[in-house]
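**Student:** Note that this note's numbering has the sequence shown beginning at 230, numbered continuously upward.
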Amino acid sequence: MISTNVRTRARLARLAGPACLALTAAALLGGCKPDRASRHPGDEVSADTDPAAALPEPTGDPIVFASVGVPHGAAITMIAVDPLGGAALSRDASGGVRLWPALDGSREPLVVPIRDPRSMALASDGAGGWTLALLDAAGGGRIVGVDESGKMQPLASLSPTDPLTDIVVMPGGKQLVAVGGDHVLRLLDPHGAELSRLDQAGLRAASLRVAPQAEGGPQVVALTAGEFDRGEGRFAVELLPLSITDAKLALAGQRQTVHLDSPPTVDNPSVSPDGRSAVFIQRQRLGGATWMVIAMQLEDGRQVSVNSQIPNGVQPRFGLLPRGRVLVDDGTGLGHVVDLQDRDVELTGLRSSPTINHLAATFVAGLRVAPASNWLAVHDLDSDDLTYLGYEQISVTDAGLSPSAQTVAWALSDRVAVERASDGDRVVVEVPGTRGHGQRFVEFLDEERLLMLDWAGGAQLVRWRDGTVTSAADLGNNIQTADFGRNGTGDGVLFVRTNLWQNPSVVEVSDGRFDGRYLTHASANLAGLLAPRDAALASWGAWTIDGAGKLRNFTLAQLRPGLDTEAALATGETLSFGTPEQFAVGADKTIYWVRTTGARPTLHLERGDASDELQLPAGFVSMIVPSREGRRIAIVQQRDPGQVVTVYDTRSLQPAWAQPIPAVNGMSWSDASEALAIPAMLGGGVVLNAEDGTAQTARCGLGFEVRRTPPVVQGFSNQLSVCEIP
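1. By how many angstroms is the C-alpha of D290 removed from the C-alpha of T278?
2. Is the distance from the Cβ of I292 to the Cβ of E677 below 7 Å?
3. Going by DSSP, what residue range makes up the alpha helix (DSSP H) through A796?
4. Leaving out five residues before and five after Q382 in sequence, what residues of the same chain have Cβ atoms less than 6 Å from its Cβ?
5. Going by CA-CA distance only, name the one from F547, T826, D627 that's closest to T591.
6. Which whole runs of the beta strand (DSSP E) in the segment 423-462 are 3 residues long or more, in chain order?
7. Since L332 is in the beta strand (DSSP E), which residue starts that stretch and which ends it?
8. Whether or not the segment 594-605 and the segment 304-318 are in contact is what I'm after, with contact meaning three or more pairs of Cβ atoms, one per stretch, closer than 8 Å; do they touch?
9. Take the Cβ of P540 as the centre, count every other Cβ of all protein chains shown within 10 Å, and call the residue buried at 16 or more, exposed below.
10. Only counting the same chain, and skipping five residues up and downstream in sequence, which positions put a Cβ closer than 7 Å to that of A443?
11. How big is the Cα-Cα spacing for V941 and G357?
12. Label L784 either buried or exposed according to how many other C-beta atoms from any shown protein chain fall within 10 Å of its C-beta, with 16 as the threshold for buried.
13. Could you check the C-alpha separation between P400 and D496 for me, to the nearest Å?
14. Determine the burial state of P855: buried for a count of at least 16 other Cβ atoms within 10 Å of its Cβ, exposed for fewer.
15. Any idea if L610 is buried or exposed, counting beta-carbon neighbours within 10 angstroms, 16 or more meaning buried?
16. I'd like to check one pair, P346 with Y620: are the Cβ atoms closer than 7 Å?
17. Once DSSP output is grouped into helix, strand and coil, what is the label at R936?
18. If you draw a straight line from the alpha carbon of G719 to that of D675, how long is it in whole angstroms?
19. Would you mind stating whether A927 and G298 have Cβ atoms separated by less than 7 Å?
20. Using CA atoms only, rank isn't needed, just tell me which of D878, P492, A797 is closest to D775.
21. Can you tell me which of the three DSSP states P280 falls into?
22. For D354, does the count of other Cβ atoms within 10 angstroms reach 16, so buried, or fall short, so exposed?
23. Can you give me the Cβ contacts of R438 inside the same chain, cut-off strictly under 6 Å, excluding the 5 residues immediately before and after it?
24. Grab me the residues of P908's own chain with a C-beta within less than 8 Å of its C-beta, minus the 5 sequence neighbours each way, in chain order.
25. G721 bridges to which residues according to DSSP?
26. On the DSSP bridge list, what partners appear for V874?
27. So V535 and R512 are in contact, right, with Cβ under 8 Å, and what is the actual spacing, rounded?
28. Which partner residues does E903 have in the DSSP bridge list?
29. Nearest-angstrom Cα distance between P884 and E903?
30. What residue does the alpha helix (DSSP H) around A786 start on, and which one ends it?
31. Pull up the distance between the alpha-carbon of Q943 and that of G930, whole angstroms please.
32. Helix, strand or coil: which one does DSSP assign to H565?
33. Between which residues of its own chain and L387 is the CB-CB distance below 6 Å, once the five residues before and five after are set aside?
34. At the level of alpha carbons, what is the spacing between A317 and Q731?
35. Counting only the same chain and skipping the five closest in sequence on each side, list residues whose C-beta sits under 6 Å from that of L427.
36. Can you name the residues that DSSP bridges to I473?
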């Protein structure tokens, strides 16, 4: 049997015998044989093992999910845009990075397999692809090539022994310019080889700007970090135009100095696309309390300034527009377009906080690109066309795996979806009749039937292909936890605990229909499903542990004629180890329990007269879930900001793998324990390969969309997403 603390929602081991065991996770093909003969992991798959071969096609509406792992799992916090405005890189609060190869919505974003960069840059390679450069917190970096089809190829790894602080990719993607913490400027090729360096005394370069339309070809301007000038009462920042000729890096033109109220930011100062001038903002000192927009010609240092009419306060963001105009955005939703030629100001509407994070906006090539939570807002400033690119969020309440691991059911907040591997593709359909019914629990009775339990206690057995309800029952009250054990022949036991918490229910499923419903007695929080392997259904039921540490079993044989509470309470076995923190019983009757001593939890195993123990890593154990046939056990421990799931071999007690995950509602093992499904509410849903912990499928959003209206995002439960699992 498998039992679990009812504060978790583990799955019950299926019984051995004439039933269909799971297929290998690598194949994800096959299913139950016509004669219901058992099959074990590693058995070869033959043509007659597919249970869906003679079945009708599903009648539910197809569901277009987001590409696996692509939606941002948290709000976007940083954006870098190609100098010509053709593509963008975005990083979210959890460190995930996406490449948006088109900003008009014609292509979906791509996952960049690099975590939490401190700085990002990209440019077109001139052949339909892109060259990416990403720096980490240690000053190291990675250069990645992306071809037109989206295939990524690592080109170079830059060592942090010479830490870099900023990097830009030149249009064409053939050269990169980087500056280090030592203020040395370096010219690199896409493979990281240093072509040239510029290291002069007194040259204190700290950041870089690109002028893509400069005369003679793209130009780079380096900025110094800014030193406080006591005479000016501001930070002095030098502008250092650079020339790149014959793979040589050198200073070019006149060095100019601008004075800022604070050290340089990502947009202050900015360099015009033609490289002839720099634009920056200052607080007005005399005659008013507003921000001034100032342009300086780099050739001779001449300046022109215009009052933006924005009151002093938090420094606004700004971007350069064609024809000598500057758009200043203070986050109020009212943009100020400053014309430096006519020296006037025009007001324009800008969607801003809370829908769009204007502080993380980037202005490039007439575009304003900004985060809209985990969506990308792209505003064409010339046409005043604002679009939102992204994926509608989903909340995965629960997940169930079919016996063969071929099919997973996702209980979404508004419907139930079934995803099935078919000819190498993953086909997703909505289960007819489930729209608008929030399901708390979902699990497979067999390959073709689902057991669903909604929050109000409505239980249904449904054929997922056409939505036909074959049986229904009212279990009453607000469902809190549930667990289901199946024996592979259409029979099983459903364990349900409601908001009343005391006296959970055991529901018998016989011949594919709900049969009896029975109340058990439970005066403590520890209770779970009882499903001994190789035993008749009459010996299935529930177990409870009371506050005194006494373990009692309530079988169907005892519950069917009616429960004598006094006689039931007189039975039971007092556990020698007292009341545990977590408790489970495996299919082979191995007892698992957890106790924490000195902030270190220990997993104890009782196999008959033999005992064993395993000290676990630090972290409160919130869930222990043995697999259905007992080979593995999944242990979930609390870690900020989420949790960690670790799968152990139950014989050797060696960890197979561990993965960080958001806070989860439960787990569902396939019958041969080759796969594990995990629902994580707003964190998405994932099916993991139980051998190595890799994601077989992960769902965090619906299909890619281009919207004209702002998206509604429910929020994020934490800074983790199952779609970030490799």
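Where is the CB? At the ideal position from N, CA and C, for every residue including glycine.
**Tutor:** The relevant details are as follows:
1. At T278 the pLDDT is 46, less than 50, meaning the model places this residue with poor confidence and gives no usable figure here.
2. no
3. 794-798
4. G374
5. F547
6. 423-427, 434-440, 448-453, 456-458
7. Unbroken run through L332: none, as it is neither H nor E.
8. yes
9. exposed
10. D503, G504
11. 33 Å
12. One point to set straight first is that residue 784 is Thr, not Leu, in the sequence displayed. Under this definition T784 is a buried residue.
13. 19 Å
14. buried
15. buried
16. no
17. strand
18. 7 Å
19. yes
20. A797
21. Note on P280: pLDDT 47, under 50, position unreliable in the model; the coordinate value appears next. Looking at P280 - three-state DSSP - the assignment turns out to be coil, as it is neither helix nor strand.
22. buried
23. V450, V500
24. V625, T626, D627, A628, W639, A640, V893, N894, G895, G914
25. R715, V738
26. V865, Q888
27. Not a contact, Cβ separation roughly 14 Å.
28. E903 pairs with nothing; no bridge assigned.
29. 15 Å
30. 785-788
31. 12 Å
32. strand
33. G369, G370, G421
34. 55 Å
35. L414, L478
36. L478
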